[in-house]
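Student: Here the working numbering = 1-based position in the sequence shown + 6.
From the three backbone atoms N, C-alpha and C, an ideal C-beta is built for every residue, glycine too.
Got a structure here, written out as structure tokens. Questions coming.
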Amino acid sequence: MNFFSNNIELLTESKNFSWKEFNAATATSQDDLSSIEKINMEQLIKISSYFHITMDALCKQNLSEKRYKKSIKMLILDVDGVMTDGGMYYTEKGDDLKRFHTKDGMGIKTLCKNGFPVGIISASFSSELVVRRAKALGMKHIYVGKREKLEVLNDWCKELNISTSDVAYIGDDVNDLRIMKAVGVSACPKDAVSIVKSNADIILNRKGGKACVREFIDLYIQEITRD
Numbered sequence: 007m008n009f010f011s012n013n014i015e016l017l018t019e020s021k022n023f024s025w026k027e028f029n030a031a032t033a034t035s036q037d038d039l040s041s042i043e044k045i046n047m048e049q050l051i052k053i054s055s056y057f058h059i060t061m062d063a064l065c066k067q068n069l070s071e072k073r074y075k076k077s078i079k080m081l082i083l084d085v086d087g088v089m090t091d092g093g094m095y096y097t098e099k100g101d102d103l104k105r106f107h108t109k110d111g112m113g114i115k116t117l118c119k120n121g122f123p124v125g126i127i128s129a130s131f132s133s134e135l136v137v138r139r140a141k142a143l144g145m146k147h148i149y150v151g152k153r154e155k156l157e158v159l160n161d162w163c164k165e166l167n168i169s170t171s172d173v174a175y176i177g178d179d180v181n182d183l184r185i186m187k188a189v190g191v192s193a194c195p196k197d198a199v200s201i202v203k204s205n206a207d208i209i210l211n212r213k214g215g216k217a218c219v220r221e222f223i224d225l226y227i228q229e230i231t232r233d
């Protein structure tokens, strides 16, 4: 897979970046950078040199993944529509049921065992069920209720002496928007509502309740726990 265009977009986001200086140094235009096919080898060498990275990294590595991995110090999850498929299931007696994916569970449990903080902030009605699942996975930061999600997160950040910019959040619906805009990395399942998708840094390939949390962990966090 070629990541050239995405990497160029990422590398030119810096406030100190100058297109005029860059174009002069690399003999390229912004239109040239829209596709690797428009760049010749001499220009590619100059671009790589300008950003102080290898040509292989520029074209074949997803630099955004590395950026996110370095910045994430805590993972916060919504429950309904993220850890579950968002469906509401009841027994014949009227008890609530939720279906959690075992792969999500394994990923979360691994992070917690390695001392990486994972938390849940949910407005779910099935509070006992959610708390029980979270504790079983080793989570220490659990909130189920009606408080504003960002307020809860701010309290946890003070406790851990980290910034909201150090946090990754996975949400799927409109009540997640405020906290998603406040954190350093925001992600959503493939089937999140449209407005959430348009505000998320990362749109995952898996749907809610279908191991989307594990996908995020494996791509953006797991390597941290192996360092």
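Over what stretch of residues does the alpha helix (DSSP H) that includes residue 219 continue unbroken?
Tutor: Segment 218 to 222, the alpha helix (DSSP H) holding residue 219.
Student: What is the C-beta distance between residue 90 and residue 215, in whole angstroms, given that I count them as a contact (C-beta under 8 Å)?
Tutor: Between residue 215 and residue 90 the Cβ distance is about 5 Å, and since that is below 8 Å, they are a contact.
Student: What is the DSSP secondary structure of residue 225, counted as helix, strand or coil?
Tutor: Residue state, collapsed to three classes: helix.
Student: Where does residue 111 fall in DSSP's three states?
Tutor: DSSP places residue 111 in helix when its eight states are reduced to three.
Student: Determine the burial state of residue 186: buried for a count of at least 16 other Cβ atoms within 10 Å of its Cβ, exposed for fewer.
Tutor: When all chains shown are included, residue 186 counts as buried.
Student: Give every residue of the same chain whose Cβ lies closer than 8 Å to the Cβ of residue 199, excluding the five residues on either side of it in the sequence, and list them in chain order.
Tutor: 178, 179, 180, listed in sequence order.
Student: Which parts of the segment 116 to 179 are runs of the alpha helix (DSSP H), unbroken and 4 residues or longer, counting only runs that do not cross its ends?
Tutor: Runs found: 133 to 142, 155 to 166.
Student: With contact counted as at least three CB pairs below 8 Å, one residue from each stretch, are the segment 134 to 153 and the segment 187 to 198 in contact?
Tutor: Counting Cβ pairs under 8 Å, fewer than three are found: no touch.
Student: Using CA coordinates, which residue listed in 208, 143, 65 is at the minimum distance from residue 122?
Tutor: Checking every option, the nearest Cα to that of residue 122 belongs to 143.
Student: Less than 7 Å between C-beta atoms, sequence neighbours within five positions excluded: which residues of the same chain meet that for residue 33?
Tutor: Around residue 33: 49, 52.
Student: Going straight from the alpha carbon of residue 88 to that of residue 119, what length do you get?
Tutor: Their backbone Cα atoms lie some 22 Å apart in a straight line.
Student: Judging by CA-CA distance, which residue of 9, 26, 56, 24 is the nearest neighbour of residue 43?
Tutor: Minimum Cα distance to residue 43 is reached at 9.
Student: Between residue 145 and the rest of its own chain, which residues show a CB-CB distance below 8 Å, the 5 nearest in sequence each way excluded?
Tutor: Excluding residues within five positions, the ones whose Cβ falls inside 8 Å are 114, 118, 124, 125, 126.
Student: Between the C-alpha atoms of residue 29 and residue 15, what's the straight-line distance to the nearest angstrom?
Tutor: Taking the straight line joining both Cα atoms gives about 14 Å.
Student: So what's residue 88 in DSSP terms, helix, strand or just coil?
Tutor: Three-state DSSP puts residue 88 in coil, outside helix and strand.
Student: Would residue 130 and residue 85 be called neighbours here (beta carbons separated by less than 8 Å)?
Tutor: Yes; because the gap between Cβ atoms is below 8 Å, this pair is in contact.
Student: Could you tell me the alpha carbon to alpha carbon distance between residue 166 and residue 110, rounded to whole angstroms?
Tutor: Those two C-alpha atoms are separated by around 24 Å.
Student: If you follow the alpha helix (DSSP H) that residue 51 is in, where does it begin and where does it stop?
Tutor: From DSSP, the alpha helix (DSSP H) with residue 51 extends over 47 to 57.
Student: Only counting the same chain, and skipping five residues up and downstream in sequence, which positions put a Cβ closer than 8 Å to that of residue 141?
Tutor: So the list reads 148, once near-sequence residues are dropped.
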